[in-house]
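Following my numbering, the numbering of the sequence shown begins with 45 at its first residue and continues without gaps.
Structure record follows, encoded as C-alpha coordinates.
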Amino acid sequence: MKNYKTTSNCAQSDGERKGQLTHEIKRSFLRNITILEGLPASTLQEIAESASMCQLKKRGVIYFPELQTQNIYFLCKGHVKIVRLSPEGQETILEIIGPGDIFGELCLVEDMEFNEDNYVEIAEALDEVQVLMVSCQKFLQILEHHPKLNIRIIRHVGLKLRKAEAKLESLVFKNAQQRVSEFICKFAEAFGKIKHRQVTVDKFLSQKEIAQLTGTSRQTVASILNNLRKKGIIDFTHQRLVILNLNWMQQYFL
(Lines of atoms letter the chains of each structure in order from A and count residues from 1; the text may use other names and numbers.)
(Lines give C-alpha, C1' and ligand atoms only; values in the text may rest on other atoms or scores of the structure.)
Protein backbone atom coordinates (compact mmCIF):
# COMPACT_ATOMS: atom_id res chain seq x y z
CA MET A 1 0.00 0.00 0.00
CA LYS A 2 1.24 3.49 -0.81
CA ASN A 3 2.52 5.58 2.12
CA TYR A 4 0.21 8.58 1.84
CA LYS A 5 1.73 10.27 4.89
CA THR A 6 4.92 11.06 2.94
CA THR A 7 3.08 12.31 -0.16
CA SER A 8 2.52 16.02 -0.79
CA ASN A 9 -0.95 16.96 0.41
CA CYS A 10 -3.25 19.89 1.05
CA ALA A 11 -2.38 19.97 4.75
CA GLN A 12 1.25 20.81 4.04
CA SER A 13 2.62 24.30 3.62
CA ASP A 14 3.32 23.80 -0.10
CA GLY A 15 -0.38 23.26 -0.69
CA GLU A 16 -1.54 26.11 1.54
CA ARG A 17 0.85 28.86 0.57
CA LYS A 18 -0.57 28.91 -2.96
CA GLY A 19 -4.02 29.49 -1.51
CA GLN A 20 -3.58 33.22 -1.03
CA LEU A 21 -5.79 34.28 -3.90
CA THR A 22 -8.09 37.28 -4.15
CA HIS A 23 -11.79 36.67 -3.66
CA GLU A 24 -12.32 37.78 -7.26
CA ILE A 25 -10.06 35.01 -8.57
CA LYS A 26 -11.78 32.47 -6.33
CA ARG A 27 -15.18 33.59 -7.64
CA SER A 28 -13.97 33.08 -11.20
CA PHE A 29 -13.05 29.49 -10.32
CA LEU A 30 -16.36 28.89 -8.54
CA ARG A 31 -18.36 30.04 -11.57
CA ASN A 32 -17.12 26.94 -13.39
CA ILE A 33 -18.35 24.54 -10.70
CA THR A 34 -21.45 22.81 -12.06
CA ILE A 35 -23.44 22.78 -8.84
CA LEU A 36 -22.89 26.55 -8.41
CA GLU A 37 -23.88 27.59 -11.94
CA GLY A 38 -26.40 30.42 -12.09
CA LEU A 39 -26.21 31.28 -8.40
CA PRO A 40 -26.15 34.97 -7.41
CA ALA A 41 -22.79 36.69 -7.24
CA SER A 42 -23.40 37.33 -3.54
CA THR A 43 -23.57 33.57 -2.88
CA LEU A 44 -20.33 32.94 -4.77
CA GLN A 45 -18.73 35.80 -2.87
CA GLU A 46 -19.72 34.25 0.46
CA ILE A 47 -18.21 30.90 -0.55
CA ALA A 48 -15.07 32.57 -1.96
CA GLU A 49 -14.46 34.41 1.30
CA SER A 50 -14.38 31.07 3.13
CA ALA A 51 -12.36 29.12 0.55
CA SER A 52 -8.66 28.38 0.31
CA MET A 53 -6.83 27.05 -2.73
CA CYS A 54 -4.69 23.93 -2.87
CA GLN A 55 -2.54 23.05 -5.89
CA LEU A 56 -0.97 19.62 -6.22
CA LYS A 57 0.94 17.72 -8.87
CA LYS A 58 0.13 14.20 -10.06
CA ARG A 59 -0.12 11.67 -7.19
CA GLY A 60 -0.44 14.44 -4.61
CA VAL A 61 -3.05 13.70 -1.94
CA ILE A 62 -5.90 16.01 -1.01
CA TYR A 63 -6.78 13.96 2.06
CA PHE A 64 -6.03 10.52 3.51
CA PRO A 65 -7.14 8.46 6.57
CA GLU A 66 -4.78 9.98 9.13
CA LEU A 67 -5.61 13.49 7.93
CA GLN A 68 -9.02 14.37 9.30
CA THR A 69 -11.08 15.99 6.55
CA GLN A 70 -13.91 18.30 7.40
CA ASN A 71 -13.94 20.13 4.09
CA ILE A 72 -16.01 20.19 0.94
CA TYR A 73 -13.86 20.43 -2.19
CA PHE A 74 -14.51 22.22 -5.49
CA LEU A 75 -12.32 20.83 -8.28
CA CYS A 76 -11.24 23.67 -10.56
CA LYS A 77 -8.62 21.86 -12.64
CA GLY A 78 -7.46 18.29 -13.17
CA HIS A 79 -8.82 14.92 -12.11
CA VAL A 80 -9.03 13.25 -8.71
CA LYS A 81 -9.63 9.62 -7.80
CA ILE A 82 -11.48 8.71 -4.62
CA VAL A 83 -10.00 5.55 -3.12
CA ARG A 84 -11.40 3.34 -0.35
CA LEU A 85 -8.97 1.29 1.74
CA SER A 86 -9.90 -2.05 3.29
CA PRO A 87 -8.66 -2.91 6.82
CA GLU A 88 -5.99 -5.02 5.08
CA GLY A 89 -4.82 -2.04 3.04
CA GLN A 90 -6.34 -3.09 -0.29
CA GLU A 91 -7.38 -0.20 -2.51
CA THR A 92 -10.63 0.18 -4.44
CA ILE A 93 -11.33 3.22 -6.59
CA LEU A 94 -14.84 4.51 -5.91
CA GLU A 95 -15.01 7.19 -8.58
CA ILE A 96 -13.11 9.65 -10.75
CA ILE A 97 -13.83 13.35 -10.22
CA GLY A 98 -13.36 15.82 -13.09
CA PRO A 99 -13.15 19.63 -13.38
CA GLY A 100 -16.29 21.42 -12.23
CA ASP A 101 -17.34 18.70 -9.80
CA ILE A 102 -17.30 18.57 -6.00
CA PHE A 103 -16.24 15.90 -3.52
CA GLY A 104 -16.07 15.43 0.25
CA GLU A 105 -19.72 16.48 0.42
CA LEU A 106 -20.73 13.57 2.65
CA CYS A 107 -19.38 15.53 5.60
CA LEU A 108 -22.47 17.72 5.14
CA VAL A 109 -24.88 14.87 5.84
CA GLU A 110 -23.07 12.65 8.36
CA ASP A 111 -20.54 12.75 11.15
CA MET A 112 -17.15 12.44 9.47
CA GLU A 113 -14.95 12.68 12.57
CA PHE A 114 -11.85 10.62 12.06
CA ASN A 115 -11.97 7.06 13.33
CA GLU A 116 -9.31 4.56 12.33
CA ASP A 117 -11.89 1.79 12.04
CA ASN A 118 -14.35 3.45 9.68
CA TYR A 119 -12.60 6.34 7.92
CA VAL A 120 -10.50 4.88 5.16
CA GLU A 121 -10.98 7.16 2.18
CA ILE A 122 -8.30 8.90 0.11
CA ALA A 123 -8.50 11.59 -2.57
CA GLU A 124 -5.49 11.52 -4.89
CA ALA A 125 -4.59 13.73 -7.87
CA LEU A 126 -4.41 11.92 -11.22
CA ASP A 127 -2.73 14.93 -12.81
CA GLU A 128 -2.02 18.53 -11.82
CA VAL A 129 -5.00 19.77 -9.83
CA GLN A 130 -6.36 22.98 -8.40
CA VAL A 131 -9.01 22.64 -5.72
CA LEU A 132 -10.86 25.16 -3.59
CA MET A 133 -11.82 23.88 -0.16
CA VAL A 134 -14.31 25.16 2.40
CA SER A 135 -14.82 23.78 5.88
CA CYS A 136 -18.03 21.78 6.15
CA GLN A 137 -19.05 23.74 9.22
CA LYS A 138 -18.83 27.01 7.31
CA PHE A 139 -20.52 25.58 4.22
CA LEU A 140 -23.42 24.32 6.35
CA GLN A 141 -23.85 27.87 7.63
CA ILE A 142 -23.93 29.12 4.04
CA LEU A 143 -26.55 26.51 3.11
CA GLU A 144 -28.84 27.73 5.89
CA HIS A 145 -29.23 31.04 4.06
CA HIS A 146 -29.34 29.67 0.51
CA PRO A 147 -32.15 27.10 0.06
CA LYS A 148 -31.58 26.85 -3.70
CA LEU A 149 -28.03 25.65 -3.14
CA ASN A 150 -29.25 23.35 -0.38
CA ILE A 151 -31.60 21.61 -2.82
CA ARG A 152 -28.78 21.22 -5.35
CA ILE A 153 -26.57 19.54 -2.76
CA ILE A 154 -29.37 17.12 -1.85
CA ARG A 155 -29.90 16.25 -5.52
CA HIS A 156 -26.16 15.83 -6.02
CA VAL A 157 -25.87 13.38 -3.11
CA GLY A 158 -28.93 11.52 -4.41
CA LEU A 159 -27.35 11.22 -7.86
CA LYS A 160 -24.18 9.77 -6.35
CA LEU A 161 -26.25 7.19 -4.49
CA ARG A 162 -27.99 6.18 -7.73
CA LYS A 163 -24.61 5.83 -9.46
CA ALA A 164 -23.38 3.64 -6.61
CA GLU A 165 -26.47 1.44 -6.97
CA ALA A 166 -25.94 1.19 -10.74
CA LYS A 167 -22.31 0.17 -10.17
CA LEU A 168 -23.40 -2.54 -7.75
CA GLU A 169 -25.95 -3.85 -10.25
CA SER A 170 -23.24 -3.92 -12.92
CA LEU A 171 -20.97 -5.99 -10.66
CA VAL A 172 -23.78 -8.47 -10.02
CA PHE A 173 -25.39 -8.81 -13.44
CA LYS A 174 -22.68 -8.02 -16.02
CA ASN A 175 -19.58 -9.95 -17.01
CA ALA A 176 -16.07 -8.49 -17.02
CA GLN A 177 -16.12 -7.51 -20.71
CA GLN A 178 -19.44 -5.70 -20.31
CA ARG A 179 -18.26 -3.86 -17.20
CA VAL A 180 -14.95 -2.76 -18.70
CA SER A 181 -16.56 -1.72 -22.00
CA GLU A 182 -19.29 0.20 -20.21
CA PHE A 183 -16.78 1.99 -18.01
CA ILE A 184 -14.61 2.98 -20.98
CA CYS A 185 -17.62 4.41 -22.83
CA LYS A 186 -18.89 6.40 -19.85
CA PHE A 187 -15.42 7.65 -18.96
CA ALA A 188 -14.78 8.70 -22.56
CA GLU A 189 -18.13 10.47 -22.80
CA ALA A 190 -17.43 12.32 -19.54
CA PHE A 191 -13.79 13.29 -20.11
CA GLY A 192 -13.03 12.69 -23.79
CA LYS A 193 -13.22 14.79 -26.94
CA ILE A 194 -15.76 13.59 -29.51
CA LYS A 195 -15.17 14.12 -33.22
CA HIS A 196 -16.78 12.20 -36.10
CA ARG A 197 -18.01 9.41 -33.78
CA GLN A 198 -14.46 8.94 -32.48
CA VAL A 199 -13.63 9.77 -28.87
CA THR A 200 -10.14 10.65 -27.68
CA VAL A 201 -9.21 10.56 -24.00
CA ASP A 202 -5.85 12.05 -23.04
CA LYS A 203 -4.23 11.11 -19.72
CA PHE A 204 -6.15 7.84 -19.65
CA LEU A 205 -6.19 5.60 -16.58
CA SER A 206 -3.83 2.72 -15.98
CA GLN A 207 -5.05 -0.85 -16.42
CA LYS A 208 -4.76 -1.33 -12.65
CA GLU A 209 -7.03 1.67 -12.03
CA ILE A 210 -9.59 0.42 -14.56
CA ALA A 211 -9.53 -2.97 -12.84
CA GLN A 212 -10.20 -1.36 -9.45
CA LEU A 213 -13.11 0.61 -10.87
CA THR A 214 -14.72 -2.38 -12.57
CA GLY A 215 -14.14 -5.18 -10.08
CA THR A 216 -11.79 -7.14 -12.34
CA SER A 217 -8.09 -8.00 -12.44
CA ARG A 218 -5.44 -6.03 -14.32
CA GLN A 219 -4.78 -9.07 -16.50
CA THR A 220 -8.46 -9.27 -17.46
CA VAL A 221 -8.53 -5.58 -18.35
CA ALA A 222 -5.40 -5.98 -20.50
CA SER A 223 -6.97 -8.92 -22.34
CA ILE A 224 -10.23 -7.04 -22.99
CA LEU A 225 -8.44 -3.90 -24.21
CA ASN A 226 -6.17 -5.87 -26.53
CA ASN A 227 -9.16 -7.77 -27.93
CA LEU A 228 -11.02 -4.52 -28.63
CA ARG A 229 -7.91 -3.12 -30.35
CA LYS A 230 -7.57 -6.21 -32.55
CA LYS A 231 -11.17 -5.74 -33.65
CA GLY A 232 -10.47 -2.11 -34.63
CA ILE A 233 -12.84 -0.69 -32.03
CA ILE A 234 -10.27 1.14 -29.90
CA ASP A 235 -6.62 2.11 -29.94
CA PHE A 236 -4.56 3.07 -26.92
CA THR A 237 -1.15 3.90 -25.55
CA HIS A 238 0.03 4.20 -21.96
CA GLN A 239 -1.63 7.60 -21.54
CA ARG A 240 -4.16 7.88 -24.35
CA LEU A 241 -7.29 6.06 -25.49
CA VAL A 242 -9.15 6.46 -28.78
CA ILE A 243 -12.54 4.86 -29.34
CA LEU A 244 -12.54 4.46 -33.11
CA ASN A 245 -16.21 3.51 -33.33
CA LEU A 246 -18.41 4.54 -30.41
CA ASN A 247 -21.46 2.67 -31.75
CA TRP A 248 -19.57 -0.63 -31.88
CA MET A 249 -18.09 -0.02 -28.45
CA GLN A 250 -21.51 0.51 -26.91
CA GLN A 251 -22.69 -2.88 -28.19
CA TYR A 252 -20.22 -4.61 -25.90
CA PHE A 253 -22.07 -3.77 -22.70
CA LEU A 254 -25.72 -3.80 -23.84
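Beta carbons are placed, not taken as given, at the ideal position from N, Cα and C, and that holds for glycine.
Worksheet item: Skipping 5 residues on each side, what residues in its chain have a beta carbon closer than 6 Å to that of Ala167?
Response: Your numbering for residue 167 matches position 123 in the sequence shown. These residues qualify, in order along the chain: Ile106, Tyr107, Val124 and Ile126.
Worksheet entry | Extent of the continuous beta strand (DSSP E) run through Gln174 | Position 130 of the sequence shown, counted from the start, is the residue given in the question as residue 174. Taken as a continuous stretch (DSSP letters only), the beta strand (DSSP E) holding Gln174 covers Val173 to Ser179.
Worksheet item: By how many angstroms is the C-alpha of Asn271 removed from the C-alpha of Leu152?
Response: Position 108 of the sequence shown, counted from the start, is the residue given in the question as residue 152. Position 227 of the sequence shown, counted from the start, is the residue given in the question as residue 271. Straight-line Cα distance between these residues: approximately 44 Å.
Worksheet item: Taking DSSP as the reference, what is the three-state secondary structure of Arg273?
Response: Residue numbering aside, residue 273 sits at position 229 when the sequence shown is read from its first letter. Helix at Arg273.
Fill in: Cβ distance (whole Å) where Leu176 is taken to contact Phe227 below 8 Å
Taking the sequence shown and counting its residues from 1, the one referred to as residue 176 is at position 132. Taking the sequence shown and counting its residues from 1, the one referred to as residue 227 is at position 183. Leu176 to Phe227, Cβ: 28 Å. No contact.
Item to complete: Tell me whether the beta-carbon of Val164 lies closer than 8 Å to the beta-carbon of Leu129.
Response: Here residue 164 refers to the residue found at position 120 of the sequence shown. Here residue 129 refers to the residue found at position 85 of the sequence shown. Yes.
Discussion item. Can you find the residues in the same chain that come closer than 8 Å, C-beta to C-beta, to Gly276, ignoring five residues on each side of it along the sequence?
Written reply: Stepping through the sequence shown from its first residue, residue 276 is reached at position 232. Within the same chain, Gly276 has close Cβ partners Leu288 and Asn289.
Discussion item. Our contact map puts Thr244 next to Gly144 with C-beta atoms below 8 Å; I'd like the distance itself, whole angstroms only.
Written reply: Mapped onto the sequence shown, residue 244 falls at position 200. Mapped onto the sequence shown, residue 144 falls at position 100. About 20 Å; that fails the 8 Å criterion.
Worksheet item: Is Ile69 near Ile116, with beta carbons less than 8 Å apart?
Response: Taking the sequence shown and counting its residues from 1, one reaches residue 69 at position 25. Taking the sequence shown and counting its residues from 1, one reaches residue 116 at position 72. No.
Worksheet item: On the three-state DSSP scale, how would you describe Gln251?
Response: As a working note, residue 251 is residue 207 in the sequence shown. If DSSP states are grouped into helix, strand and coil, Gln251 belongs with the helices.
Worksheet item: Which parts of the region 185–249 are runs of the beta strand (DSSP E), unbroken and 3 residues or longer, counting only runs that do not cross its ends?
Response: 237–239 and 242–246
Item to complete: Mind reading off the beta-carbon distance from Lys274 to Arg262? Whole number of angstroms is fine, and I expect it under 8 Å.
Response: Along the sequence shown, read from residue 1 onward, the residue named residue 274 stands at position 230. Along the sequence shown, read from residue 1 onward, the residue named residue 262 stands at position 218. Rounded, the Cβ-Cβ distance is 19 Å, inconsistent with contact.
Worksheet item: What are the residues that DSSP puts in a beta bridge with Asp279?
Response: Translated into positions along the sequence shown, residue 279 becomes position 235. For Asp279, which the question treats as bridged, DSSP gives the partners Val286.
Fill in: Presumed contact (8 Å Cβ cut-off) between Leu83 and Leu184, rounded CB distance
Residue numbering aside, residue 83 sits at position 39 when the sequence shown is read from its first letter. Residue numbering aside, residue 184 sits at position 140 when the sequence shown is read from its first letter. Not really, about 17 Å apart at Cβ, beyond 8 Å.
Worksheet item: DSSP on Cys120, reduced to helix/strand/coil?
Response: Your numbering for residue 120 matches position 76 in the sequence shown. Correct three-state label for Cys120: strand.
Fill in: Counterpart residues of Ile141 in DSSP-defined beta bridges
Position 97 of the sequence shown, counted from the start, is the residue given in the question as residue 141. Bridge partners of Ile141: Val124.
Worksheet item: Which class does Val105 belong to by DSSP, given the choice of helix, strand or coil?
Response: Indexing the sequence shown from 1 puts residue 105 at position 61. In the structure shown, Val105 sits in a strand (DSSP, three-state: E or B).
Practice prompt. Give the straight-line distance between the Cα atoms of Leu74 and Ala95, rounded to the nearest whole angstrom.
Written response: The residue labelled residue 74 in the question sits at position 30 within the sequence shown. The residue labelled residue 95 in the question sits at position 51 within the sequence shown. Computed Cα separation, rounded: 10 Å.
Item to complete: Using the Cα positions of Pro191 and Leu88, report the straight-line distance between them to the nearest angstrom.
Response: As a first step, residue 191 must be located in the sequence shown, where it is residue number 147. As a first step, residue 88 must be located in the sequence shown, where it is residue number 44. Going by the C-alpha atoms only, they are around 14 Å apart.
Worksheet item: Where do the N-terminal and C-terminal ends of the beta strand (DSSP E) with Ser96 fall, by residue?
Response: Your numbering for residue 96 matches position 52 in the sequence shown. Start and end: Ser96 to Leu100.
Worksheet item: Using a Cβ-Cβ cut-off of 7 Å (strictly less than) and excluding sequence neighbours within five positions of Gly311, which residues of its own chain qualify?
Response: Residue 311 is absent from the structure shown; the chain starts at 45 and stops at 298.
Practice prompt. Please report how far the alpha carbon of Ser267 lies from the alpha carbon of Ala220, in whole angstroms.
Written response: On the sequence shown, residue 267 is found 223 positions in, with the first residue counted as 1. On the sequence shown, residue 220 is found 176 positions in, with the first residue counted as 1. Each residue's Cα considered, the two are about 11 Å apart.
Worksheet item: Does DSSP put Cys54 in a helix, a strand or coil?
Response: The residue you call residue 54 lines up with position 10 of the sequence shown. It is coil, neither helix nor strand.
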